[in-house]
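Participant:
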Amino acid sequence: MLSTFSRILIDPNRDENDPTLVRRLYDGAIVPGNARIDAAEIERRRARYFRPYRAAILDRVAAMTAAGRAPAIVSLHSFTPSMQGLARPWEIGFLWDVDDRLARPLIAAFRALGVPTGDNEPYDGALEGDTIDSTATRLGLANVLVETRQDLIGTREGAELWADRLGDALAPLLALPEIAQVRHYGSRAHRRHLAGA
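Anchor point for the sequence shown: position 51 equals 40 in the numbering used here, and the numbering is continuous, going up by one each time.
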């Protein structure tokens, strides 16, 4: 599924109650279109953009599972070369919670190529209520969230290069029978939530 709206409008990867669902400030800069919106506007965006996107993913997952093969969920994102004035050295990062069926071999494959590769970098993959949690972890589906650095994919050639690299690494993994098996590993995010409750 492709998001057809900017994460600045509303972030489809967040839990719908996450305080960063609609960012008013990002890396020290005010987001003009969000600076003064109220709760009613945020709810309008949830209803118009966020919930239909999430529902479409779950509908597709259900259809694929009903057809006889549980899908793997691969979520594609990009990250800025620097954040809060600090350079980010990774060219690609793989984010995961507890289920490492896709993440571990992908990390190993890219590191073997000499690519500076993040393991739960530049972000942690255990985020309660995010897209991976809601559409894969809770359902026991193999999953990974891929982050590619924006300066490497800013041109068509760069984007195609990284798409080919990722496709080449993913193809043999997606063919493995265990990737299509439903397995419930639990979640670090859920454990943190329960510990804080």
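Positions of the beta carbon are idealized from the N, C-alpha and C atoms, including for glycine.
#1: Who does ASN132 pair with in a DSSP beta bridge?
#2: Of all the options ASN109, HIS66, VAL11 and PHE39, which has the alpha carbon lying nearest to the alpha carbon of TRP85?
#3: Whole angstroms are fine: how far does the CA of HIS173 sit from the CA of ALA45?
#4: State the start and end residues of the unbroken alpha helix (DSSP H) segment that holds ILE31.
#5: Short check: CB of PHE39 to CB of PRO8, under 8 Å?
#6: Kindly confirm or deny that the region 87 to 104 and the region 152 to 163 touch, where touching means at least three C-beta pairs closer than 8 Å.
#7: Can you tell me whether VAL63 is buried or exposed? The criterion is at least 16 other CB atoms within 10 Å of its CB, across all chains shown.
#8: Do you know offhand how far ALA56's Cα is from VAL133's?
#9: If I follow the unbroken alpha helix (DSSP H) through LEU155, where does it start and stop?
#10: Using a Cβ-Cβ cut-off of 8 Å (strictly less than) and excluding sequence neighbours within five positions of SER71, which residues of its own chain qualify?
#11: Around the Cβ of PRO60, are there at least 16 other Cβ atoms within 10 angstroms (buried) or fewer (exposed)?
#12: Could you check which residue in ARG37, ARG43, TYR112 and ILE(-1) has the C-alpha nearest to that of ASN23?
#13: Taking 6 Å as the limit between beta carbons, can you name the residues of its chain near GLY118, skipping five residues before and five after?
Facilitator: Let me lay it out:
#1: ILE62
#2: ASN109
#3: 22 Å
#4: Where ILE31 is concerned, the enclosing alpha helix (DSSP H) stretches over 28 to 34.
#5: Cβ atoms of PHE39 and PRO8: not closer than 8 Å.
#6: yes
#7: Buried: at least 16 other Cβ atoms inside 10 Å.
#8: 22 Å
#9: 145 to 163
#10: ARG77
#11: Buried.
#12: ILE(-1)
#13: ASP4
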